[in-house]
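Engineer: Got a structure for you, written out below as structure tokens; questions coming shortly.
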Amino acid sequence: MTIEFDNNQPIYIQIMNYIKGEIITGKLKPGDKIPSVRELAAELQINPNTVQRTFQELEREEIVETRRGMGRYVTGREETIMTIKKEMAKDVLDRFIRGMEELGFQGEEILTVVAENIAQRNSK
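First residue of the sequence shown? That's 762 in the numbering used here, and the numbers climb one at a time after it.
Okay, here's the thing in structure tokens:
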């Protein structure tokens, strides 16, 4: 696992977003075991307490579940995974729309630009 950390956001949130991304893209599937705190901390070369906080937040959001004595696993609840996917899509769209508005585009103009780009992609 390789993450380029951004100084503008807490590391545990960046790791959470990375793991969520791995789940919604199917790289981590429901029921897959995730690395232990020690393994992930060593791999990312960060403090184990940061990884522990990441896992606690993922458990609180019911994205991973702990099986006593066996480790942590990706949730098997498809509705939870779909919720994560929708939340992440909303964040991407919000950033995109904000950027387009900063460029001077408004509602219908943004839709036109998007439709044109989708048409170009589909014609390739």
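No residue lacks a Cβ here, since even glycine has one placed at the ideal position from N, Cα and C.
1. From Y779, I879, N883, I845, pick the residue whose C-alpha is nearest to that of L805; which is it?
2. Quick check for students: name the residue ranges of the alpha helix (DSSP H) that lie wholly in the stretch 814 to 867, counting only runs of 4 or more.
3. In this structure, does DSSP put K781 in helix, strand or coil?
4. Closer than 8 Å is the cut-off here; do at least three beta carbon pairs connect the stretch 826 to 842 with the stretch 868 to 884?
5. Determine whether the beta carbon atoms of I845 and P791 lie at a separation below 8 Å.
6. Quick check: the stretch 762 to 779 against the stretch 795 to 812, are at least 3 beta-carbon pairs closer than 8 Å?
7. Compare the Cα-Cα distances from K847 to each of K781, E870, N769 and report the closest residue.
Structural biologist: Concretely, from the data shown:
1. Along the sequence shown, one-based indexing puts residue 805 at 44. Answer by Cα proximity: Y779.
2. 839 to 863
3. On the sequence shown, residue 781 is found 20 positions in, with the first residue counted as 1. DSSP, reduced to helix, strand and coil, places K781 within a helical segment of the structure shown.
4. no
5. Mapped onto the sequence shown, residue 845 falls at position 84. Mapped onto the sequence shown, residue 791 falls at position 30. Cβ atoms of I845 and P791: not closer than 8 Å.
6. yes
7. The residue you call residue 847 lines up with position 86 of the sequence shown. Minimum Cα distance to K847 is reached at K781.
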